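There are 2 protein chains.
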Amino acid sequence: MTDDDIATARGGLKPGKRPTINDVARIAGVSKKTVSRVINQSPFVREETRVKVSAVIDELGFTPDVQARGLAFRRSFLVGLIYDNPSPNYVVNMQQGVLDALRGSGLELVVHPCDRANPNLVAEIRAFVERQKLFGVILPPSVSEDEAVIAVLRELDCPYVRIASVSLDEPGRMLVTNDHLGAAEAGRHLADLGHRRIGFISGPALFRSSAQRGGGLRGALAEKGVALDERYVAQGAYTFESGVEAARSLLALDPRPTAIFTGNDEMALGVFKVARDMGLEIPRDLSVVGYDDLPMASRVWPNLTSVRLPIRDMGRMAAEKLLASMRGLDPAKLDQPEVRPSLVVRDSATALTA
Amino acid sequence: MTDDDIATARGGLKPGKRPTINDVARIAGVSKKTVSRVINQSPFVREETRVKVSAVIDELGFTPDVQARGLAFRRSFLVGLIYDNPSPNYVVNMQQGVLDALRGSGLELVVHPCDRANPNLVAEIRAFVERQKLFGVILPPSVSEDEAVIAVLRELDCPYVRIASVSLDEPGRMLVTNDHLGAAEAGRHLADLGHRRIGFISGPALFRSSAQRGGGLRGALAEKGVALDERYVAQGAYTFESGVEAARSLLALDPRPTAIFTGNDEMALGVFKVARDMGLEIPRDLSVVGYDDLPMASRVWPNLTSVRLPIRDMGRMAAEKLLASMRGLDPAKLDQPEVRPSLVVRDSATALTA
DNA sequence: CTCGCCGTTGACACCGGTTTCCTAACGCTT
DNA sequence: AAGCGTTAGGAAACCGGTGTCAACGGCGAG
């Protein structure tokens, strides 16, 4: 193969068109199947042939057509992020992490919000995954906890990684966050600060994390000899507005709680708002601890004490797991890293002043 | 066509497999081309035939394979959102809007962050668009202002909609936000409140919106007979951290500004932080006006006075424009809606106390 | 009655890859 | 030197759709 051959060959290509595998085959003087073998790194190609074909590929700037490849493979090169999390901040952080891991892999990310209250949820997700023949799917809570959705993914033979606060699947398909632990740390912190009337605004019942975080809090308080009064427990929906509403009801109680632990940061901001409206100063009159430690936790005033969940890292790890299963690793044999949250102490919770 | 025929035909399908156009054709007793015509709503199909084929499609639950269709059409059914905006909140809002418009259209959204400082930006975007044969692309600022990127999209014949603060293209390909207007409103507001030493933290130079917002502010102040002292102008990068840095330098001046207008909300929060650190109370000691009016603007304390930009709506409108160009409408003939920002007065800016 | 047109439809090639199956060539053994 | 297994590589079918173009039947016109 001389430069001349290539120049000649090049001249034979239509100008405005991308080179195809046929062009590569013709110019390299091999069959398209051999080119295909080179692309897919088949071991049944002589080194000499491989080099020759690779040179032509580089020279032509050939990249295989994803649609054609997908058609033959019966699989696309798209990763889906299917989420129902109501906190935009949570979603965007996770998405960034997934994109971090996907960069350079040749895979692209398709985002797909959904609603678990929708009776057609399963059908909708089936249509999405089946139509796009997704390479894989990443599921953050709470859609990660929907077994009907998982059943469809298994049926469609679509690899997935679930992110949840309890282990629900094979290690290779799970990313577990020990929410029990994180909430316990928050509970101990508040108890150690002297708080006895502690309020809790939980997430929606549909999220396992709600129960986990509630359980962690309760357990830690019990250890410290503090009982969580159920009147001080309100249910939110992981949104700012729901936090506002729950805080209103809790702070209307007499005596009102001296501290409130919220299921996520978004709701903690709701508590901030209500406290201000009522003329309560945080942390002097009310301590607040959030969960997630979103970037905004350290931007509001007072800086929010929160349980740090490395959401972006979690997105990255989940995507990496997916890539690992692409490389033929058995999901059952992969390890299941547990994400351990940790309390970040800032200014919104302080010792109870007698 | 009787139910029996269908039952028989059904039995002939492999159980685990999706029906293909061939199955539909065989069962309906027509050629696959005719089925294709029905799918694509070709007018050259007799009503009777159309009904018959449609019935079989419904019965079988047939949906065309996007990859095969894409291969033949030389176009996928994916819309790309290519962004370089450093504010996650901005991005997530816009993304939601785009998804609002795409819902039900059969199109999916592929998100693709990028970096304009990357020397390979153009090549990277070309590879992304060309490989995925994107149906269309939505470009928020500042990547929307990169003519080299646009040139590639034109060359690849990929429809796009640009979102920017100045008109740079045909009406059908632009969504313009009149940032000049919004900033002018903010400027008038501050001047009317009696402020004379007004600071401005601009966005990065790469964003046209930075100059637009700066110009709007300057113009409005001039009208009111107030000059914008250039020593009170600092450049930020639309990030919280850059806002902190710029605020530090501005508030270190003597005399310090009595009000600061920031190019976006994210940086306004940076000003909040520095003010607190310096013991300045907003709005008593310092008025602050932001831009974008992100949801968080009304969640922080004090509530941030900000120029409202309906980012989510803009995402939706941009996507709708893209869909319109799909329906064969000529981009040059479409109207070019101008998004008019408006000031939302809250608590962070107040009258100057003598 | 025949021609030509129009609205419909189908046969066949094609999009750009992969998979299946087969052959030729090579190196080794006996 | 013949026999045989192994390996590199090719021809053709296939993945599931769309484009091209010719053919078909029914109609009014000549």
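Quick mapping for you: the protein sequence lines, in order, are chains A and B. Per the numbering used here: the first sequence = residues 992 to 1345. Per the numbering used here: the second sequence = residues 992 to 1345. Positions of the beta carbon are idealized from the N, C-alpha and C atoms, including for glycine. Keep in mind that this is a model prediction, so the values were computed, not measured.
Assigned exposure category for residue i - 16 Cβ within 10 Å defines buried
i	result
PHE990 of chain A	In the structure displayed, chain A extends from 992 to 1345; residue 990 of chain A sits before or after that span and is not available.
ALA1182 of chain B	buried
ARG1174 of chain B	It is Ala, not Arg, that sits at residue 1174 of chain B in the sequence shown. Buried, by the Cβ-count rule.
VAL1029 of chain A	buried
SER1333 of chain B	exposed
VAL942 of chain B	Absent from the structure is residue 942 of chain B, since the part of chain B shown begins at 992 and ends at 1345.
ASN1031 of chain B	exposed
ASP1106 of chain B	exposed
GLY1270 of chain A	exposed
PRO1110 of chain B	exposed
GLU1221 of chain B	exposed
LYS1033 of chain B	Residue identity differs from the one stated: residue 1033 of chain B is Ser in this sequence, not Lys. By the neighbour-count rule (16 or more Cβ atoms within 10 Å), SER1033 of chain B is not buried but exposed.
GLY1097 of chain B	exposed
GLY1227 of chain A	buried
GLY1306 of chain A	buried
Beta-carbon contacts of residue i that lie in its chain and below 8 Å, excluding the five residues immediately before and after
i	result
GLU1232 of chain A	GLY1261
PRO1246 of chain A	ARG1188
PRO1010 of chain A	LEU1004, LEU1051, GLY1052, PHE1053
ASP995 of chain B	Note that ASP995 of chain B has pLDDT 40, beneath the 50 cutoff, so the model's placement of it is unreliable and the number below is only indicative. The answer is none, since no qualifying residue turns up.
ARG1275 of chain A	THR1341, THR1344
ARG1239 of chain A	VAL1265
HIS1180 of chain A	VAL1280, THR1296, LEU1334, VAL1336, ALA1340
MET1317 of chain B	PHE1126, GLY1127, PRO1150
GLY1206 of chain B	HIS1171, ALA1174
VAL1021 of chain B	THR1040, LYS1043, VAL1044
Integer Cβ distance of residue i from residue j, believed to fall under 8 Å
i	j	result
TYR1223 of chain B	GLY1190 of chain B	4 Å
LEU1159 of chain A	MET1165 of chain A	6 Å
ASP1256 of chain B	LEU1295 of chain B	6 Å
PHE990 of chain A	ALA1177 of chain A	A query on residue 990 of chain A cannot be resolved here, the shown segment of chain A reaching from 992 to 1345 and no further.
VAL1167 of chain A	VAL1157 of chain A	7 Å
ARG1199 of chain A	GLU1136 of chain A	5 Å
LEU1147 of chain A	VAL1120 of chain A	6 Å
ALA1250 of chain B	SER1289 of chain B	Not confirmed; about 20 Å, so no contact.
ALA1225 of chain B	ALA1237 of chain B	4 Å
Same chain only: Cβ atoms within 6 Å of residue i, ignoring 5 sequence neighbours per side
i	result
ASN1169 of chain A	GLU1329, ARG1331
ASP1338 of chain A	PRO1293, ASN1294
ASP1283 of chain A	ASN1255, ASP1256, LEU1300
GLY1127 of chain A	VAL1070, PRO1150, LEU1313
GLN1203 of chain A	SER1156, ASP1170, HIS1171
ASN1084 of chain B	ILE1302, ARG1303
ARG1117 of chain A	VAL1143
GLN1327 of chain B	PRO1162, MET1165
VAL1082 of chain A	TYR1074, ASN1076
ALA1211 of chain A	ALA1175, GLY1178, ARG1179
Close beta carbons around residue i, own chain, < 7 Å, minus the five adjacent residues each side
i	result
ASN1013 of chain A	LYS1023
ARG1066 of chain A	LYS1124, PHE1126
GLY1095 of chain B	none
ALA1139 of chain A	VAL1113
GLY1185 of chain B	ALA1342, LEU1343
Residue i Cβ short of 7 Å to the ligand HEM heavy atom set
i	result
LEU1313 of chain B	This structure does not include the ligand HEM; it has no bound ligands of any sort.
Report task. Mind checking the segment 1224–1256 of chain B against chain A and listing, in chain order, the residues whose C-beta falls within less than 7 Å of any C-beta there? Result -> PHE1231
Query raised in the report: Do the segment 1049–1068 of chain B and the segment 1058–1073 of chain A meet, that is, are 3 or more Cβ pairs less than 8 Å apart?
Result: yes
**Report entry** Residues of the segment 1193–1227 of chain B whose Cβ lies closer than 8 Å to any Cβ of chain A, in chain order
**Finding:** none
Query - Members of the segment 1041–1067 of chain B near chain A, C-beta cut-off 8 Å - result: THR1054, ASP1056, VAL1057, GLN1058, ALA1059, GLY1061, LEU1062, SER1067
Report task. With 9 Å as the limit, tell me which residues of the segment 1113–1128 of chain B have their beta carbon closer than that to any beta carbon of chain A; keep them in chain order. Result -> ALA1118, PHE1119, GLU1121, ARG1122, GLN1123, LYS1124
Query raised in the report: What residues from the segment 1284–1298 of chain A come within 8 Å of chain B, judged by C-beta to C-beta, listed N to C?
Result: When C-beta distances to chain B are compared with 8 Å, the residues of the segment 1284–1298 of chain A below that value are PRO1286, MET1287, ARG1290, VAL1291, TRP1292, in chain order.
Query raised in the report: Listed from N- to C-terminal order along the chain, which residues in the segment 1096–1112 of chain A have their beta-carbon within a distance smaller than 9 Å of any beta-carbon of chain B?
Result: GLY1097, GLU1099, LEU1100, VAL1101, VAL1102, HIS1103, PRO1104
Query raised in the report: Contact between the segment 1074–1083 of chain B and the segment 1130–1149 of chain B: three or more CB pairs below 8 Å?
Result: yes
**Report entry** Residues within the segment 1128–1156 of chain B neighbouring chain A, beta-carbon criterion of under 7 Å
**Finding:** Identification of residues in the segment 1128–1156 of chain B having a C-beta nearer than 7 Å to some C-beta of chain A yields an empty set.
Query raised in the report: Is there contact between the segment 1084–1092 of chain A and the segment 1302–1310 of chain A, where contact requires at least three CB pairs shorter than 8 Å?
Result: yes
**Report entry** chain B contacts from the segment 1261–1274 of chain A (Cβ-Cβ distance under 9 Å)
**Finding:** GLY1261, PHE1263, LYS1264, ARG1267
Query raised in the report: Of all the residues that make up the segment 1003–1029 of chain A, which are near chain B by a beta-carbon distance shorter than 8 Å?
Result: ARG1009
Requested in this report: Select from the segment 1067–1092 of chain A all residues with a C-beta closer than 8 Å to any C-beta belonging to chain B, and list them in chain order.
Outcome: SER1067, LEU1069, PRO1079, ASN1080, VAL1082, VAL1083, ASN1084, GLN1086, GLN1087, LEU1090
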